[in-house]
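Note sheet for the following structure.
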Amino acid sequence: MNSSYYCAVCNCRISLKDISITTLFVVIGFFSFSQNTNEQIKSNRIQIVNAERLIKSKNSSAQKFIGNVELKHQEVKLFCDSAFLYLDSNSLDAFGKVKILQGDSLAMYGDTLHYSGNSKLATMQGNVNLTDRNLSLSTTSMTYNLRDSVGHYTSGATITSTENSNVLTSKIGLYFVGSQVFEFQDSVELSNPEYTMTSDTLTYQTATETAIFSGPTFIRADSNLIYTENGWYDTKNNLASFQENSYLEADGQVLTGDSLFYDRNLGFGEVFNNMQIRDTANTFVIQGNYGWHNEKQEQSLITDSLLLIQIFENDSLFLHADTAVINIDSTDGKIIQAFHDVKFFKSDLQGAADSMLITQSNSTINMYENPILWSDENQLFADFISIKSDSNTIRSMLLDNNAFLISVADTFGFNQVKGRIMNAYFSNQKLKRLEVVGNAQSVYYVGEEEKTPIGMNHAVCSNMTLVIDENKVDQITFREKPEAVLYPMDDINPKIRLLVGFRWEEDLRPKQLTDIFR
4 MNSSYYCAVC NCRISLKDIS ITTLFVVIGF FSFSQNTNEQ IKSNRIQIVN
54 AERLIKSKNS SAQKFIGNVE LKHQEVKLFC DSAFLYLDSN SLDAFGKVKI
104 LQGDSLAMYG DTLHYSGNSK LATMQGNVNL TDRNLSLSTT SMTYNLRDSV
154 GHYTSGATIT STENSNVLTS KIGLYFVGSQ VFEFQDSVEL SNPEYTMTSD
204 TLTYQTATET AIFSGPTFIR ADSNLIYTEN GWYDTKNNLA SFQENSYLEA
254 DGQVLTGDSL FYDRNLGFGE VFNNMQIRDT ANTFVIQGNY GWHNEKQEQS
304 LITDSLLLIQ IFENDSLFLH ADTAVINIDS TDGKIIQAFH DVKFFKSDLQ
354 GAADSMLITQ SNSTINMYEN PILWSDENQL FADFISIKSD SNTIRSMLLD
404 NNAFLISVAD TFGFNQVKGR IMNAYFSNQK LKRLEVVGNA QSVYYVGEEE
454 KTPIGMNHAV CSNMTLVIDE NKVDQITFRE KPEAVLYPMD DINPKIRLLV
504 GFRWEEDLRP KQLTDIFR
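In structure tokens form, the structure reads like this:
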């Protein structure tokens, strides 16, 4: 008798002798697959763990659980006062003291919850609070995807941490639990006792306590203001890097550049490429390709292609040097020091020296080590020169020790005045009067406006006053034992044409703005 087997799958009887080994494996595999599928469906179902009461609706698949309700879905635990469990959609609605636990660290609290077991999407409403390790997020509505571990809110939220004093708020936000990263949008604010940061777009890494900016951002503190559109801020170590339209405003000046580095603990900012420091009172601008600012010492340094612009009335002074240092003094205000091969250009005044000192409180420019000035047709130099201005207009000038004034006397030679000290006075940006004090000497050509001048006057006295009109000596007054000799043009000894210490430096004169970079 042939043994046979009835197959419920095919709804037919199969002789055992016709069953091959392959067929047996197929049949066994099918039943194994069916069993695994049933187990998967069962594991995906939301399971009730505890409840005090169960109310089952006759007309729907909904089951209502009341009192100390506990449910479980895979690795997720849910707690509440009451819940509706929908068997057909594998979802639930929970009410009262709702709590979700995922893993060892994440907990989510709220007043009401809708949870889908198929999508693992939880929507919490009411007094919502999400805690993860050391942080806490509070909002009124939040969606949390437990499959991807990503939370999302659109109604505003506040985030705090037990590890620091940072408080973050925004209208819209995403929280990636796995990487502990927030992405904030719209009305973003990060505040702590030291500063307040506001932005429209900000990423915050909670593990490193670092904020990353990708939009207009302000950082306001008592001592400064920072603006950037791209960069990062390590709030734990108070270190920051800013790029793209960034600036730092402190101590009455604004610092900008392509790239800014800032250490708040040290009060130190460093700038790379296209650096600029601008006085908020708009009296000066300094540019360079590298510089730094120390808030605690109230000091700045600028170098590499340095250009300083001192703003005067209806004009500006442009200065180039190797390096400039700005100090803020409680008495003298801003003090600007320029070092090494200093040259400056102004439409009516040019100069050169090894170093210069600009004091804003008394509007003074001091020139050191081989200082030299050019004003219209006049060249002035001494061991030390000090220029004073008033209302951004040059008023007077002091030339101390070995002072010299030289101008060209047509083709005949040079008009010259020298002395121990000179005081020069300006009006309407023009040199008008010169007071020579101590060991005064002069050489000037009489009647130089004529084709053939009368001669050359050589004078020596203690003090001398020169009145200048239209950039030429109009009158000279000799004081205290003057000695003067008028030499006819044909009888001038070449040795007395030039006073001792004479030097003509026209080749050094910046005749246009670009010459200061020569």
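Under the numbering used here, the first residue of the sequence shown carries the number 4, and numbering increases by one thereafter. Heads up, the beta-carbon is just placed ideally off N, CA and C, and yes, glycines get one too.
- The DSSP-derived three-state label of Lys498 is helix.
- For Asn233, the three-state secondary structure derived from DSSP is strand.
- Closest by C-alpha distance to Met359, out of Gly270, Glu483, Ile339, is Ile339.
- Boundaries of the beta strand (DSSP E) around Ile368: 367 to 371.
- If one requires a minimum length of 3 residues, the beta strand (DSSP E) runs lying completely within the stretch 431 to 462 are 433 to 449, in chain order.
- Scanning Asp282, Gln300, Glu298, Ile305 for the CA closest to the CA of Asn292 turns up Ile305.
- DSSP places Phe415 outside both helix and strand once states are collapsed to three, so it counts as coil.
- Pairwise C-beta distances place the stretch 507 to 514 out of contact with the stretch 475 to 490, as fewer than three of them are shorter than 8 Å.
- The three-state secondary structure of Leu516, taken from DSSP, is helix.
- Per DSSP, the unbroken beta strand (DSSP E) holding Arg482 starts and ends at 475 to 482.
- Taking a C-beta distance under 9 Å as the contact criterion, Phe264 and Leu242 qualify as a contact pair.
- Ala412 and Leu401 have their alpha carbons spaced roughly 24 Å apart.
- The C-beta of Gln256 has 16 or more other C-beta atoms within 10 Å across all chains shown, which makes the residue buried.
- The Cβ-Cβ distance between Gly354 and Phe347 falls below 9 Å.
- By the Cβ criterion, the stretch 306 to 313 is not in contact with the stretch 488 to 504, since fewer than three pairs of Cβ atoms, one from each stretch, lie closer than 8 Å.
- With contacts defined as CB atoms closer than 9 Å, Leu228 and Glu252 qualify as a contacting pair.
- Taking a contact as a CB-CB distance under 8 Å, the pair Thr146 and Gly159 does not count as one, their CB atoms being some 14 Å apart.
- Across the structure, Gly113 and Asn277 are spaced so that their CA atoms are roughly 52 Å apart.
- By the criterion of a C-beta distance shorter than 6 Å, Gln444 is surrounded in its chain by Lys421, Val463, Leu502, once the five residues flanking it on both sides are discounted.
- Ranked by how close their Cα comes to the Cα of Glu372, the residues Asn330, Ala385, Leu434 have Ala385 in first place.
- Here the alpha carbon of Phe505 sits roughly 15 Å from the alpha carbon of Trp377.
- By the 16-neighbour rule on beta-carbons within 10 angstroms, Ile58 is exposed.
- At a Cβ-Cβ threshold of 9 Å, Leu81 and Ser64 do not count as neighbours.
- Only buried fits Leu140, as 16 or more other CB atoms lie within 10 angstroms of its CB.
- Residue pairing by DSSP places Thr126 opposite His117, Thr146 in a beta bridge.
- Taking 9 Å as the cut-off, the beta carbon of Thr204 is found no closer than this to the beta carbon of Arg223.
- Measuring C-alpha to C-alpha distances from Tyr448 to each of Arg423, Asp318, Phe417 identifies Phe417 as the nearest.
- Beta bridge pairing from DSSP links Ile424 with Asp403, Val440.
- By the criterion of a C-beta distance shorter than 6 Å, Lys75 is surrounded in its chain by Gln50, Val52, once the five residues flanking it on both sides are discounted.
- Under the DSSP assignment, Asn248 falls in the beta strand (DSSP E) whose first and last residues are 242 to 253.
- Taken through DSSP and simplified to helix, strand or coil, Leu352 comes out as strand.
- Looking at Gln77, Asn496, Cys83, Asn47, the one whose alpha-carbon comes closest to that of Glu55 is Cys83.
- In the structure shown, the three-state DSSP call for Asn47 is helix.
- In this structure Thr238 does not touch Ser249 by the C-beta definition: roughly 17 Å separates them, more than the 8 Å allowed.
- Distance between Gly294 and Ile331, taken at the CA atoms: about 16 Å.
- Straight-line spacing of the CA atoms in Ser60 and Lys67 works out to 8 Å.
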